[in-house]
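Q: Numbered per mature numbering (1 follows the signal peptide of the UniProt record, and there is no 0), the sequence shown spans residues -16 to -1, 1 to 152. Below: one structure in structure tokens.
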Amino acid sequence: MKLKFFLLFFSTLSLAFSQENYPIPTHPFLLFYIQHNKNKNTFVYHANVKNNVLEKVNPINVYRINYEKDGKKDELTTLQKEFAYGITYLTSTKNQFVLSAQKKLPFKIKSVGKSYWVEVVINGKIIKVDRIFIQTEKNSSALKTKVEYILIYGRNQNDKSVVEKIVP
């Protein structure tokens, strides 16, 4: 009985946090992507791989897919880079970074062979990040965005799907 309740609760929770009809970007070296509730435009982070090796100077390529303009790929604006979706590398090897909007949450690029992914530690748990969803307050504007919560979707060390919620 407890197991049935737990499964029902977890599936309901997953549905509550899901984003319906959001496009899923594709790229052979996709690390993760970020979406938000204002529109379906997507910020993509993929490993910058040349000749099967991660680039040392610029290991992560970040851009926006503008689904409101037929899926056009756009470079980040200066505001997007500086205050939200840009990245800052924390080490000279550029294997650790933070997002401009969340400088207290370090991410780490990992690899095995030709496979690349990003990990983050939340509440003492290592998560292999698949995507991030940002829920902003309804009264937020582009210049004064207020975040209600952030959902980080990924897999734990046992390869089970997990969702971690961060309330800033």
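Think of the CB as a built atom: it goes at the ideal place given N, C-alpha and C, for glycine as much as any other residue. This one's a predicted model, so the numbers in the text were calculated from it and none came from an experiment.
1. Go ahead and pull the three-state DSSP assignment for K144.
2. Can you tell me where the alpha helix (DSSP H) holding F16 begins and where it ends?
3. Give the range of the alpha helix (DSSP H) segment to which K65 is assigned.
4. With a CB to CB cut of under 7 Å and the five nearest residues on each side skipped, what residues in its chain are close to K65?
5. Look at the alpha carbon of N25 and the alpha carbon of G108, and state the distance between them as a whole number of angstroms.
6. Where does the unbroken beta strand (DSSP E) through N50 begin, and where does it stop?
7. Can you tell me which residues form a DSSP beta bridge with T10?
8. Measuring only the C-alpha atoms, how far is N123 from K22?
A: This is what the structure holds:
1. The three-state secondary structure of K144, taken from DSSP, is coil.
2. Per DSSP, F16 belongs to no alpha helix (DSSP H); it is in the beta strand (DSSP E), L14 to H20.
3. Residues T62 to F67.
4. Answer for K65: S84, listed in chain order.
5. The C-alpha of G108 is placed about 31 Å away from the C-alpha of N25.
6. Residues I44 to N50.
7. The partner list for T10 (beta bridge, DSSP) is empty, contrary to what the question assumes.
8. Cα-Cα distance, rounded: 11 Å.
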